[in-house]
Amino acid sequence: MADKKETKKTKRPTAEKRMIQNEKARVRNKAFKSRIRTAIRKFEESVNTGDKAQIEQSLSTVYSLIDKAVKLGIYKINKASRTKSRLMAKAAAKA
2 MADKKETKKT KRPTAEKRMI QNEKARVRNK AFKSRIRTAI RKFEESVNTG
52 DKAQIEQSLS TVYSLIDKAV KLGIYKINKA SRTKSRLMAK AAAKA
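If you read the sequence shown in my numbering, its first letter stands for residue 2, the second for the next number, and so on.
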């Protein structure tokens, strides 16, 4: 019993392929979320400056990115709605 070696089971090709696909999707989703967070930061900067045209333009950009994230399955619809609602409240308070 003490001499018995544990052999590591080899993964099937489909499992290896799924691992590769999942890693690619993770990197792609991470990059997209980063774009959204950057757009939100730019929106908040424009809210702080108080420029109405800039606020509307940056809010439109953020909305577009969030909607695309929902379409791609990166964000869930409730998270998107909650985020958009909070951003609109910030814009309305400043305007």
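Idealized CB from N, CA, C, for every residue including glycine.
Quiz item: If you run the structure through DSSP and keep just helix, strand and coil, what is residue 145?
Solution: The question about residue 145 has no answer, for the chain in this structure spans 2 to 96.
Quiz item: How is residue 77 classed by DSSP in three states: helix, strand or coil?
Solution: coil
Practice problem: Look at the alpha carbon of residue 16 and the alpha carbon of residue 73, and state the distance between them as a whole number of angstroms. | Solution: 23 angstroms
Quiz prompt | Rounded Cβ spacing between residue 92 and residue 60 (contact assumed at less than 8 angstroms) | solution = 5 angstroms
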